[in-house]
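Engineer: Mind looking over this structure? Questions follow.
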């Protein structure tokens with residue numbers, strides 16, 4: 005049986021070779037897009053979302069909130 009370290013290394017290698025999932029969001033993610041976002045977070049797949057209202061991109065796992073979850077006066081706008 006593989007050790008935890010070996011299993012983590014194999015998982016990291018797999019994650020790093022998987023292609024990015026790219027989504028374009030115009031306001032809020034559709035239910036299908038929301039499921040794709042949740043799936044990438046569960047599986048560790050890399051994700052980039054182009055958010056059209058503010059011409060920005062968001063990377064899942066970046067530590068920043070998704071732009072559609074922004075609060076008024078946040079760093080994502082001039083509110």
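Residue numbers (our numbering): 5 to 83.
Note that CB positions come from ideal geometry on N, CA and C, so glycine has one too.
(1) First and last residue of the beta strand (DSSP E) that includes residue 61?
(2) Taking the C-alpha atoms as reference points, what is the distance between residue 57 and residue 73?
(3) Could you give the DSSP three-state label for residue 54: helix, strand or coil?
(4) On a CA-only basis, which of 16, 31, 39 and 33 is nearest residue 48? Give me that one, please.
(5) Tell me the residue span of the alpha helix (DSSP H) that contains residue 46.
Structural biologist: Taking the structure as given:
(1) 60-63
(2) 13 angstroms
(3) strand
(4) Nearest C-alpha to residue 48 among 16, 31, 39 and 33: 16.
(5) 35-47
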